[in-house]
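Chains as they are written, first to last, in the numbering used here: chain Z, 1 to 272; chain F, 273 to 447. Don't be surprised by glycine CBs; every beta carbon is placed ideally from N, CA and C. On a predicted model such as this, the values are computed, not experimentally measured, just so you know.
What follows is the structure, given as structure tokens:
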């Protein structure tokens, strides 16, 4: 019975067993934080926000010093681009009007047209190197629910996996554990896209699917996320004959290294 | 084994503050310390510093509390970080009696070892909970660069923590 006199070893062993049990029970994920998590989270989120803003401020001021030269060149390029985009925009607007008119004629009811946007700021990111989870400063109070999609102006960022009272956790689409059903906009081929450890997006498509570089990838309707959210462009297609599939690398439209503000998308139920 | 007489020290209070501050900074400001996408692990530096100065109990407890905070906020399954950080601190703490604490070389060595132990435990536990990641990829792209990065920064952290820990007020009783 000498072992039981060695208190630290016994304590450690007990804690190890408890933690293993905790892992086993929670390995499927949770959508509501634990009681302690909720209390600590409500207290810590505002502090995190201050520190995050400070970091952003310093990065902003440092990079501004080095970028002054490039700014003028960039400005000219941007002015040209604006002119080009205005032109394009005008064309697209007319096409949109035409589209609406045709849709009215068809009496087509677009169920997902009514979105509600909830603006949120990022308060912290996962300290580890493996996964891509971050927290935002809106939660249950603001009407956020698990599985709501998170977007920016550029495209899909991820989805909510856990909601606290005044914060929630977002798993980004480049996380190793995330997988989303997608569709190729041009050919309507479907596939599944998932993240990797090195923050790339990889889609697995059937071998016969017709997909080339620069195809647009959007979410499909067979998913918890609403259909038609923009994900990115195809960067590289690799054929693997042995497995009868194509491995497609996707360049995300969102720049995950420079995320500051995001929108949580709420789809209005038809019953409302 | 000496009886443990540390529960009422100011040290425990200050350690608590350091752990909390470290956690907040890790998820915010320290995100900008990434080089080629790899972030040094400041939690490991803290754990290693205390484990080689004061042994398994300190290393393990700091690991447990830091990992606990990480799990609450950024973990999907609860306990993965807690378990791997705690075991890392506990294992490294076993070497405490044989280390010359004024020297900085052990801190470099144990920071590198610490990353290896932590990341391998983390990989193992993640693997058991069905997260499928290539080990070679993780080894080359995360573990090796991070251990080097940690070894370099760990010395600086160790030096300051050592100076702080030698201050006489750390041994005062709270009550």
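- Task: Using three-state DSSP, classify residue 244 (chain Z) as helix, strand or coil.
- Result: Residue state, collapsed to three classes: coil.
- Query: Buried or exposed: where does residue 313 (chain F) fall if 16 or more other Cβ atoms within 10 Å of its Cβ makes it buried?
  - Reply: The Cβ neighbour count for residue 313 (chain F), taken over all protein chains shown within 10 Å, is at least 16; the residue is labelled buried.
- Query: Going by the CB atoms, is the gap between residue 401 (chain F) and residue 240 (chain Z) shorter than 8 Å?
  - Reply: Taking 8 Å as the cut-off, the Cβ atoms of residue 240 (chain Z) and residue 401 (chain F) do not count as close.
- Query: With a cut-off of 8 Å, do at least 3 Cβ pairs link the segment 367-379 of chain F to the segment 402-420 of chain F?
  - Reply: Contact between the segment 367-379 of chain F and the segment 402-420 of chain F is absent, because fewer than three Cβ pairs lie under 8 Å.
- Query: Under the three-state reduction of DSSP, which class applies to residue 270 (chain Z): helix, strand or coil?
  - Reply: Any answer about residue 270 (chain Z) is weak, because its pLDDT of 45 lies below 50 and its placement is not dependable; what the coordinates show is given next. Reduced to three states, the DSSP call for residue 270 (chain Z) is coil.
- Query: For residue 410 (chain F), which residues of its own chain have a beta-carbon under 8 Å away from its beta-carbon, when the five flanking residues on both sides are left out?
  - Reply: Once the five neighbours on either side are set aside, the close Cβ partners of residue 410 (chain F) are 391, 395.
- Using a Cβ-Cβ cut-off of 7 Å (strictly less than) and excluding sequence neighbours within five positions of residue 325 (chain F), which residues of its own chain qualify? For residue 325 (chain F), same chain residues with a beta-carbon under 7 Å away, outside a window of 5 residues either side, are 373, 434, 437 in chain order.
- Is residue 363 (chain F) near the ligand FAD, with its Cβ less than 7 Å from a heavy atom? The ligand FAD is not among the ligands present in this structure, which contains no ligands whatsoever.
- Task: Could you name the residues of chain F that residue 177 (chain Z) contacts, counting a contact when the two beta carbons are closer than 9 Å?
- Result: Ordered by position in chain F, the residues that pass the 9 Å Cβ test against residue 177 (chain Z) are 348, 403.
- Message: Using the Cβ count rule (16 or more neighbours within 10 Å means buried), how would you classify residue 149 (chain Z)?
- Response: Classification of residue 149 (chain Z): buried, given that the 10 Å Cβ count is 16 or more.
- Answer with buried or exposed for residue 94 (chain Z), where buried requires no fewer than 16 other C-beta atoms within 10 angstroms of its C-beta. Result: exposed.
- Can you find a C-beta in chain F that's less than 8 Å from the C-beta of residue 127 (chain Z)? Yes, residue 127 (chain Z) lies at the interface with chain F (some Cβ there is under 8 Å from its Cβ).
- Give the straight-line distance between the Cα atoms of residue 286 (chain F) and residue 293 (chain F), rounded to the nearest whole angstrom. Straight across, the Cα-Cα distance linking residue 286 (chain F) with residue 293 (chain F) is about 10 Å.
- Message: Counting only Cβ pairs nearer than 9 Å, list the residues of chain Z close to residue 282 (chain F).
- Response: Within chain Z, no residue comes near residue 282 (chain F); the closest Cβ sits about 22 Å away, beyond 9 Å.
- Item | Unbroken stretches of the beta strand (DSSP E), 3 residues or longer, contained in the segment 149-193 of chain Z | Along the length of the segment 149-193 of chain Z, whole beta strand (DSSP E) runs at least 3 residues long occupy 149-151, 156-163, 168-172, 179-184, reported in chain order.
- Task: Could you tell me whether the Cβ of residue 259 (chain Z) comes closer than 8 Å to any Cβ of chain F?
- Result: Chain F contact via Cβ: absent.
- Rounded distance between the beta-carbons of residue 183 (chain Z) and residue 192 (chain Z), thought under 8 Å: Incorrect: roughly 11 Å between the Cβ atoms, too far for contact.
- Limits of the unbroken beta strand (DSSP E) element including residue 343 (chain F): It is not in any beta strand (DSSP E) - residue 343 (chain F) instead sits in the alpha helix (DSSP H) that spans 328-346.
- Message: Suppose you measure from the CA of residue 243 (chain Z) to the CA of residue 181 (chain Z); what does that come to, to the nearest Å?
- Response: Each residue's Cα considered, the two are about 19 Å apart.
- Task: Identify the continuous alpha helix (DSSP H) that holds residue 26 (chain Z) and give its terminal residues.
- Result: Per DSSP, the unbroken alpha helix (DSSP H) holding residue 26 (chain Z) starts and ends at 7-26.
- Could you tell me if residue 321 (chain F) is buried or exposed, where buried requires 16 or more neighbouring beta carbons within 10 angstroms of its beta carbon? Under this definition residue 321 (chain F) is a buried residue.
- Contact list for the segment 412-439 of chain F against chain Z, Cβ threshold 7 Å: Of all residues in the segment 412-439 of chain F, 413, 414, 418 have a Cβ within less than 7 Å of some Cβ in chain Z.
- Would you say residue 171 (chain Z) and residue 158 (chain Z) are within 8 Å of each other, going by their C-beta atoms? Cβ distance < 8 Å, so residue 171 (chain Z) and residue 158 (chain Z) count as in contact.
- Among the residues of its own chain, which have a CB less than 7 Å from the CB of residue 350 (chain F), if the five just before and after it don't count? Within the same chain, residue 350 (chain F) has close Cβ partners 343.
- residue 244 (chain Z) touches chain F at which residues, Cβ-Cβ below 8 Å? By Cβ distance, chain F contributes nothing, its closest Cβ being about 20 Å from residue 244 (chain Z), past 8 Å.
- Query: Is it true that the segment 218-238 of chain Z meets the segment 163-170 of chain Z, where meeting means three or more beta-carbon pairs spaced less than 8 Å apart?
  - Reply: Flag = no, the segment 218-238 of chain Z and the segment 163-170 of chain Z do not touch.
- Query: By the criterion of Cβ-Cβ separation under 9 Å, what are the contact partners of residue 199 (chain Z) in chain F?
  - Reply: At a C-beta separation below 9 Å, residue 199 (chain Z) has these neighbours in chain F: 309.
- If you measure from the beta carbon of residue 303 (chain F) to each beta carbon in chain Z, is any gap under 8 Å? For residue 303 (chain F), a Cβ of chain Z is located within less than 8 Å of the residue's own Cβ.
- Which same chain residues, not among the five before or five after residue 251 (chain Z), have their C-beta less than 7 Å away from its C-beta? Setting aside the 5 residues that flank it on each side, residue 251 (chain Z) is surrounded in the same chain by 232, 233, 235, each with a C-beta closer than 7 Å to its C-beta; the list follows chain order.
- So, does the CB of residue 140 (chain Z) fall closer than 8 Å to a CB anywhere in chain F? Output row for residue 140 (chain Z): interface = no.
- Neighbouring residues, chain Z, relative to residue 354 (chain F) (Cβ below 7 Å): Neighbourhood of residue 354 (chain F) in chain Z, by CB distance below 7 Å: 19, in chain order.
- Interface residues of chain F facing residue 22 (chain Z) [CB-CB closer than 7 Å]: Within chain F, the residues near residue 22 (chain Z) are 350, 351.
- Message: DSSP has residue 263 (chain Z) in a bridge; who is on the other side?
- Response: Partner(s): Z:119, Z:151.
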